[in-house]
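These notes are about the structure you will find just below.
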Amino acid sequence: MREFRVYDTLSRELRTFRPITPPRVGLFVCGLTPYAEAHVGHGRVAVVFDVVARALTAWGYRPLYVQNVTNVDDRLIERAAAEGTDPLALAERHMAGWLQAMEELGVRSVNYYPRATDYIPEIIAQVAALVDRGFAYVARDGSVYFDVGRFPDYGRLSGQRVEALRPGARLEVDPRKRAPEDFVLWKAAVPGEPSWPSPWGPGRPGWHIEDTAITGRLLGPRYDLHGGGVDLKFPHHEAEIAQAEGASGERPFVNYWMHVGLVEMGGTKMSKSIGNVYPLRQALDEYGPWVVRFYYLNAHYRSPLGFQGSETLDESREAYRRLAAPREAIRRARARDAGSRERDLPAGVAAGAEALVDRLDAHLADDFHTREVIAELFGWGRTVTELLASPSGASLSDDALDTLERPYEWAQRMLGLWPETPPVLVGEADASAVIEAAIAARARARARGDYAEADRIRHDLERAGITLEDRGNETTWQSNREDAGRRP
Ligand SMILES: [Zn+2]
């Protein structure tokens, strides 16, 4: 296992990563509340942690990567009521769009997307443990609140002082609470809203409790790495620490906290509630997934990332084309008759490729500096372009071209900057769902006139033993594999 360092938000320092039970790594990232279409801000967290999971795997760790889905929530209930639909159905509709976007973006490292409503028994058990241990109290209406005064560490992650939250500050006084900073674990049922029976009467979970109930079940009372957007530090992640450590009596709940900077549009966080959003779907349709992925990774994950709509994506497309062009030139050089190509690389260039791959790996192992990786790849691209354009460039051997391509291969495995082959069927993914998603991605590529991408998807599927047939607007598929239809 390769040693690496990560900036831990709780201790506010770069720390060498040591798993609790190597090589296993429990990784949890706060997922969506799918009450509306995902925007460009959501995609950043997903792509950043996809790189973390890819790197962990390449370095010899075995991550188990869980991302929750908040499918019961005030905003979902409101939105569903306005549309005259069921909140769970609304959540699933948006989740289908999200999973499609993830498939297109090459984010396949998440092993499991648990829905909050599938973990109601675990949630109730955790709330009950908090009541039993004196960390929570039951209000007259049957709601249950966490008693923040019982947990002296509350505020340590975010550096917030509880006093700052006293009345007169931000929180309105709720007569059911003992103190304004107390937060709800279980909300007493409101007629017409989804609810489940509990020891305190019918109700539904508060937002914070689902994460710790789910991870308690899937990853244990303590696990390695928790990620999310920096805006979740307070109060969400503070609440998670208080709940988990309060309920289990074990600490620390999480060994390393990683927070991703915000995508900012017009100087503030891209947010549905502010209205400054650019749909992820639109970005993928107009620019293709690799430009979007490049945009996210061409910055350090902790920095805020500016976004000015199509202007930003136009710039990213230009830069991405420059990054990709030397790699394509290597591939074109390979297509020339091998019989006339037997020249080796100049000695310095071959050694340079090896040294570069080591440096790229070191950048990633130093708190995931993807921007440095990309900067080095641009530099390598200049070397490659110059060499291929030189008189000896046309006669380089396959071995020589392999060496030139090595840094790109490394970048592909770790950062996933180019289309990859074939769709990887991992975790609990149902094979047919992945294939249907790929077909839908191909239809979208054709609709935006990106026939190269459409052909790429068809070829990927063919390599995986899946044949497509187009009839008018409809595409059907057939598997030539023995294990067709079975789970991987
Ligand atoms: Zn969360």
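In the working numbering, the protein residues as written are 192 to 679. Beta carbons are placed, not taken as given, at the ideal position from N, Cα and C, and that holds for glycine.
Run of the beta strand (DSSP E) containing residue i, from where it starts to where it stops
{"i": "V257", "result": "R253 to Q258"}
{"i": "V451", "result": "V445 to V451"}
{"i": "A327", "result": "A327 to V329"}
{"i": "Y414", "result": "Y414 to G420"}
{"i": "V220", "result": "R215 to V220"}
In DSSP terms, what residue i is bridged to
{"i": "W377", "result": "V335 and P396"}
{"i": "P470", "result": "H230"}
{"i": "M456", "result": "T459"}
{"i": "E660", "result": "T667"}
{"i": "V197", "result": "R206"}
{"i": "D528", "result": "According to DSSP, which records beta bridges pairwise, D528 is partnered with nothing at all."}
{"i": "L496", "result": "V454"}
{"i": "D557", "result": "R196"}
{"i": "W387", "result": "G394"}
{"i": "R534", "result": "L587"}
Boundaries of the alpha helix (DSSP H) in which residue i is found, first to last residue
{"i": "M605", "result": "D589 to L606"}
{"i": "Q304", "result": "Residue identity differs from the one stated: residue 304 is Tyr in this sequence, not Gln. No alpha helix (DSSP H) contains Y304, which DSSP labels as neither H nor E."}
{"i": "D265", "result": "D265 to E274"}
{"i": "F342", "result": "Segment: none, F342 is in no alpha helix (DSSP H) and carries neither H nor E."}
{"i": "E436", "result": "E429 to S439"}
{"i": "G288", "result": "P278 to L296"}
{"i": "V482", "result": "P480 to L488"}
{"i": "P225", "result": "Run containing P225: none; DSSP gives neither H nor E here."}
{"i": "I314", "result": "I311 to D323"}
Nearest-angstrom beta carbon gap, residue j and residue i [assumed within contact, 8 Å]
{"i": "P210", "j": "D415", "result": "5 Å"}
{"i": "L348", "j": "H230", "result": "Contact flag wrong, Cβ pair sits at about 26 Å."}
{"i": "L267", "j": "L247", "result": "Going by Cβ atoms, the distance from L267 to L247 rounds to 32 Å, so no, they are not a contact pair."}
{"i": "D535", "j": "A591", "result": "6 Å"}
{"i": "F208", "j": "Y447", "result": "6 Å"}
{"i": "G232", "j": "M461", "result": "4 Å"}
{"i": "Y198", "j": "R493", "result": "7 Å"}
{"i": "N262", "j": "L279", "result": "6 Å"}
{"i": "L683", "j": "A629", "result": "The requested residue 683 does not occur in the structure, where the chain is confined to residues 192 to 679."}
{"i": "T574", "j": "V540", "result": "7 Å"}
{"i": "P537", "j": "G572", "result": "Not really, about 17 Å apart at Cβ, beyond 8 Å."}
{"i": "I400", "j": "V339", "result": "So it is not a contact: roughly 14 Å between Cβ atoms."}
{"i": "D641", "j": "G479", "result": "6 Å"}
{"i": "G452", "j": "P495", "result": "5 Å"}
{"i": "T234", "j": "V483", "result": "First, the amino acid is wrong: residue 234 is Gly here, not Thr. Contact holds; Cβ gap of about 7 Å."}
Residues whose Cβ lies closer than 5 Å to any heavy atom of ligand 1, in chain order: With 5 Å as the limit, the residues whose C-beta approaches any heavy atom of ligand 1 more closely are C221 and D402, in sequence along the chain.
- prompt: Is it true that the segment 554-569 meets the segment 590-608, where meeting means three or more beta-carbon pairs spaced less than 8 Å apart?
  reply: Three or more Cβ pairs drawn from the segment 554-569 and the segment 590-608 lie within less than 8 Å of each other, which places the two stretches in contact.
- request: Could you tell me whether the segment 332-346 touches the segment 404-411, where touching means 3 or more Cβ pairs closer than 8 Å?
  value: No contact exists between the segment 332-346 and the segment 404-411.
task: Please confirm if the segment 419-437 is in contact with the segment 289-303, defined as three or more CB-CB distances below 8 Å between the two stretches.
output: Fewer than three beta-carbon pairs drawn from the segment 419-437 and the segment 289-303 are found closer than 8 Å, and the two stretches are therefore not classed as touching.
- prompt: Is it true that the segment 313-328 meets the segment 431-439, where meeting means three or more beta-carbon pairs spaced less than 8 Å apart?
  reply: Counting Cβ pairs under 8 Å, three or more are found: they touch.
query: Does the segment 213-232 come close enough to the segment 253-270 to have 3 or more Cβ pairs within less than 8 Å?
result: Enough Cβ pairs lie closer than 8 Å, so yes.
message: Assess contact between the segment 465-477 and the segment 277-296, defined as three or more Cβ pairs (one per stretch) separated by less than 8 Å. Is contact present?
response: Taking 8 Å as the limit for Cβ pairs, the verdict is that the segment 277-296 does touch the segment 465-477.
Given 8 Å, three or more beta-carbon pairs between the segment 303-318 and the segment 389-397: Result yes; three or more Cβ-Cβ pairs closer than 8 Å.
query: Can at least three beta-carbon pairs, one atom from the segment 226-242 and one from the segment 487-506, be found at a separation below 8 Å?
result: Yes: the two stretches touch, three or more of their Cβ pairs being nearer than 8 Å.
- prompt: Within the chosen definition, does the segment 543-562 reach the segment 504-515 through at least 3 CB pairs nearer than 8 Å?
  reply: As far as the Cβ criterion goes, the segment 543-562 does not touch the segment 504-515, which means the pair count is below three.
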